[in-house]
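Residue numbers (the numbering used here): 6 to 235. Cβ coordinates follow ideal geometry from the N, Cα and C atoms, glycine included. This report concerns only the one structure given below.
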Ligand code: BTN
């Protein structure tokens, strides 16, 4: 990503929404913001984005990237965040597919928005929100955390952002992803549309499928069809 243009906003609705307006320019781009007024999460949820966090979107264009390898994009984002958090003394784990947790609570969310062209991905937006020193809503107390909460230390958000951008430059592999995957062997609730099912998480395969034991049977699930509730 060296040499990729970076644009920074003090405040913006959503770095992902903005960066998508620049897709047609055909160039890779990074957009960061000090705060977002309408941060977006996965599955149409909102994402709290007060000043003090890292809010970053990365736009990449591809010429020959099979859609069947979409998981590689997730690996790149999730492992880059884990490496960054580790650098600052935290012990992150990935909650499949790409939430990052520390001590059982979410510290980072990733929203990936791909554009498909036939059987290929022509461009992707990887949007990352890391809770650094930002205040979190009280309603998230039980499920969210930040670098400040975990370490008792404040961090320079710009320095964390630059470290994260550098980690994005590395081609991380499924082995790197596996090194950080958490909650395997754990009993969880799987949300499949309107249905909830008790399950035990077993593994994640090379295409990003989750293998879980449901009613004694091992089943493969995709991120599009299921959410994991701890
Ligand atoms: C999730 O946990 O559901 C994903 C959250 C992704 C948040 C980031 S912050 C930067 C980028 N801009 C957005 O509007 N969303 C992503």
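### Message
For the alpha helix (DSSP H) containing residue 32, name the first residue and the last one.
### Response
Here residue 32 refers to the residue found at position 27 of the chain shown. Neither: residue 32 is in no alpha helix (DSSP H) and is coded neither H nor E.
### Query
Does DSSP put residue 199 in a helix, in a strand, or in coil?
By one-based count along the chain shown, residue 199 stands at place 194. In this structure, residue 199 counts as coil in the three-state DSSP scheme.
### Query
Cβ atoms of residue 72 and residue 25: under 8 Å apart, would you say?
Locating residue 25 in the chain shown gives position 20, counting from the first residue. Locating residue 72 in the chain shown gives position 67, counting from the first residue. It is not a contact, given that the beta carbons lie outside the stated cut-off.
### Query
At a cut of 8 Å, does the segment 104 to 113 reach the segment 198 to 210 through at least three beta carbon pairs?
no
#### Entry: Within 8 Å, strictly: CB atoms of residue 35 and residue 63
Indexing the chain shown from 1 puts residue 35 at position 30. Indexing the chain shown from 1 puts residue 63 at position 58. Yes.
#### Entry: Candidates 224, 21 and 137, of which the one nearest residue 164 by Cα
Indexing the chain shown from 1 puts residue 164 at position 159. Of the candidates 224, 21 and 137, the one whose C-alpha sits nearest the C-alpha of residue 164 is 137.
### Query
Got a sec: does the ligand BTN put a non-hydrogen atom nearer than 7 Å to the Cβ of residue 168?
The sequence position of residue 168 within the chain shown is 163, counting from 1. Because no heavy atom of the ligand BTN lies under 7 Å away, the Cβ of residue 168 does not count as near it: no.
### Task
Could I get the ranges of all uninterrupted alpha helix (DSSP H) runs contained in the segment 31 to 109, with 4 residues as the minimum, in chain order?
76 to 92
### Query
Looking at C-beta atoms only, is the number of pairs between the segment 73 to 82 and the segment 187 to 200 that lie closer than 8 Å three or more?
no
### Message
Spatial neighbours of residue 196 within its chain, please: C-beta separation below 7 Å, excluding the five flanking residues on both sides.
### Response
Stepping through the chain shown from its first residue, residue 196 is reached at position 191. Excluding positions up to five away in sequence, the list reads 231, 232 and 234.
### Query
Do the CB positions of residue 182 and residue 86 come within less than 8 Å of each other?
For the purposes of this step, residue 182 is taken as residue 177 along the chain shown, with counting starting at 1. For the purposes of this step, residue 86 is taken as residue 81 along the chain shown, with counting starting at 1. It is not a contact, given that the beta carbons lie outside the stated cut-off.
### Query
Regarding residue 228 and the ligand BTN, is the C-beta to nearest heavy atom distance less than 7 Å?
The count along the chain shown starts at 1 and reaches residue 228 at position 223. Residue 228: no, Cβ never under 7 Å from the ligand BTN.
### Message
Once DSSP output is grouped into helix, strand and coil, what is the label at residue 129?
### Response
Here residue 129 refers to the residue found at position 124 when the chain shown is read from its first residue. Strand at residue 129.
### Message
For the ligand BTN, I want to know if residue 204 counts as a neighbour, meaning its beta carbon is within less than 7 Å of at least one of the ligand's heavy atoms.
### Response
Along the chain shown, read from residue 1 onward, the residue named residue 204 stands at position 199. Checking the Cβ of residue 204 against the ligand BTN gives no.
### For residue 132 and residue 115, believed in contact at Cβ under 8 Å, the rounded distance
Along the chain shown, one-based indexing puts residue 115 at 110. Along the chain shown, one-based indexing puts residue 132 at 127. Contact flag correct, Cβ pair sits at about 7 Å.
### Message
So, with DSSP's three-state summary, where would you put residue 139?
### Response
As a first step, residue 139 must be located in the chain shown, where it is residue number 134. The answer is coil: DSSP assigns residue 139 none of H, G, I, E or B.
#### Entry: Nonlocal neighbours in the same chain, by C-beta distance under 7 Å from residue 23, ignoring five residues either side
Numbered from 1 along the chain shown, position 18 holds the residue referred to as residue 23. Once the five neighbours on either side are set aside, the close Cβ partners of residue 23 are 17 and 36.
### Query
How about residue 66 and residue 122: do their beta carbons lie closer than 8 Å?
In the chain shown, the residue the question calls residue 66 occupies position 61. In the chain shown, the residue the question calls residue 122 occupies position 117. Not in contact: residue 66 and residue 122 (Cβ atoms no closer than 8 Å).
#### Entry: residue 204 - partner residues in DSSP beta bridges
On the chain shown, residue 204 is found 199 positions in, with the first residue counted as 1. Paired residue(s): 193.
### Query
Are the Cβ atoms of residue 57 and residue 134 separated by less than 8 Å?
Position 52 of the chain shown, counted from the start, is the residue given in the question as residue 57. Position 129 of the chain shown, counted from the start, is the residue given in the question as residue 134. For residue 57 and residue 134, no; Cβs fall outside 8 Å.
### Task
Enumerate in chain order the residues of its own chain whose CB-to-CB distance from residue 42 is below 6 Å, with the five nearest sequence positions on each side excluded.
Working through the chain shown from its first residue, we reach residue 42 at position 37. Around residue 42: 18.
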